[in-house]
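Here the sequence shown stands for residues -22 to -1, 1 to 389, numbered as in mature numbering (1 follows the signal peptide of the UniProt record, and there is no 0).
Data first, discussion second: the structure below is written as structure tokens.
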Amino acid sequence: MTVIVVGAGPVGLLATLRLAQAGIDVTCLEALDAVNDSPRAMAYHPVATRELDRAGVLTDIRKRGGSSGSGICWRQTKTGEVIAKLERGANKDFPYENLVIGQHELAAIIIEHLQRCDNAELLFGRKVTALDQTSGSEVRLTVTNTKTNQEEEHCASYLVAADGGRSTVRHLLNISFEGFTYSEQLVSTNVYYPFDDYGWMDGNFCIDPEHWALIARINDKGLWRVSYGELDGLTVEQIMQRQPWKFAQLFPGPKPPQYKLDQASPYRLNQRCADRFKEGRVMLVGDAAHLCNPFGGLGLTGGILDAAAAADALIGIHEGKTSDAILEKYAEVRKEIFEETVNPQSQSNKQRMHDGDPGTIGERDPLLKTLRNASADQKQQIRAHATLAVDMDEFFDGIDSRADALSISAP
């Protein structure tokens, strides 16, 4: 059995590593010449942290990344007043924390682990141009080597498509991508600023109809992610001209704030879902399967959980524990989780950010109202997001759940 993974973001790389660790020959193809290091999603819910532990990379992540130890809060932008908060520490019932680490840093860690696997190959500069499944027993790809401009052929028993929201594989399979694009733009920036001096938590959802943002700690060296909403129709040049003014509205402390801008990247927000997550011997994972806005960290967490479930399904086939039918079950359950949980929750998260009356939202919004009155145990259940995960072993013939067999690494 062999597998091709298309896409070398964290989702594709995690799937590649898990498959290689199970003794499967796997090749990961990436169209870019290197890992993308632009500012992107960086938060992982505890249920995704557990999957990184299963892959054996969590110890290294903890050494280089960070955890949202002080938790998150929702606050009014104009006054800074905290409306509600959620502590994020691990506990004995679910000993995993919320991780914060840039996607390119996570990718680098996974690549280091992949380099120890003789049965794994990672090839950059490989752009997929054609896909053929007519044999019924394999997937055959035509790929352009962007460095030599030569065509290559790659074939495998199965393919995992992790090639992002503009997925070439999804397009070649004629799988529709239903949903919509928000009218607002999002500007994602990395900034050095002493938010700690003003008592800000590691994650801060700033609520305002005009100046809405997520401000979150990246590391303990003063670097923070500031992602804020901007008007539709602005050019990149206009966005950057307005950026100092936007920071002045969002940042605590003296005006104008004194900061160091490290990176900035405007992009569009989407809510989309593929009409199917499987076609023949191909599975879609991560952004290739679904997109949601980044407020709440559900997109990246969902992608990590897709990768884990897809790997579990393929490993089950490889080990003779299940048949190809498990791929249909993967597609069914992961799509259902997105449609019934991730999609509505992420839309609510964004709508909450630019509520028209921040002063009363704590008494009107269901989530914030719950958090203001919840017990510590109830908050831990909300924190874990355990309902986003699926145990594929439960669908294997004659195989018991692996839930009790998961290895645990204490934070």
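No residue lacks a Cβ here, since even glycine has one placed at the ideal position from N, Cα and C.
- By the 16-neighbour rule on beta-carbons within 10 angstroms, GLY280 is buried.
- Counting other Cβ atoms within 10 Å of its Cβ, ALA303 stays below 16 and is therefore classed as exposed.
- In this structure, GLU29 keeps its C-beta atom at 7 Å or more from the C-beta atom of ILE315.
- ALA9 and GLN219 have their C-alpha atoms some 32 Å from each other.
- Here TYR170 carries a strand assignment [DSSP, helix/strand/coil].
- For PHE225, the enclosing alpha helix (DSSP H) stretches over residues 214 to 228.
- The beta carbons of ALA(-8) and VAL138 sit closer together than 7 Å.
- Between VAL320 and ASP141, the CB-CB gap reaches or exceeds 7 Å.
- Its chain contains GLN111 as the residues whose beta carbon lies nearer than 6 Å to that of GLY258, once the 5 sequence neighbours on both sides are disregarded; these appear in chain order.
- Less than 7 Å separates the beta-carbon of THR55 from that of ASP186.
- The secondary-structure analysis by DSSP pairs TYR22 across a beta bridge with LEU77.
- Counted as a single uninterrupted DSSP element, the alpha helix (DSSP H) harbouring ALA291 occupies residues 276 to 296.
- In this structure, HIS132 and ILE(-19) form a Cβ contact; the two beta carbons are roughly 6 Å apart against a cut-off of 8 Å.
- Between GLY58 and PRO230, the C-beta gap is smaller than 7 Å, which places the two residues in contact.
- Counting along the chain, ILE2 sits inside no beta strand (DSSP E), nor does DSSP assign it H or E at all.
- Put simply, of MET(-22), ALA252, MET20 the residue whose alpha carbon is nearest the alpha carbon of ALA(-1) is MET(-22).
- Cβ neighbours of ALA367 within its own chain (closer than 7 Å, five residues either side excluded): VAL25, LEU283.
- Within 10 angstroms of the beta-carbon of GLN221 lie 16 or more other beta-carbons, which makes it buried.
- Straight across, the Cα-Cα distance linking CYS51 with GLY334 is about 18 Å.
- Assignment of THR107 by DSSP, reduced to helix, strand and coil, places it in the strand class.
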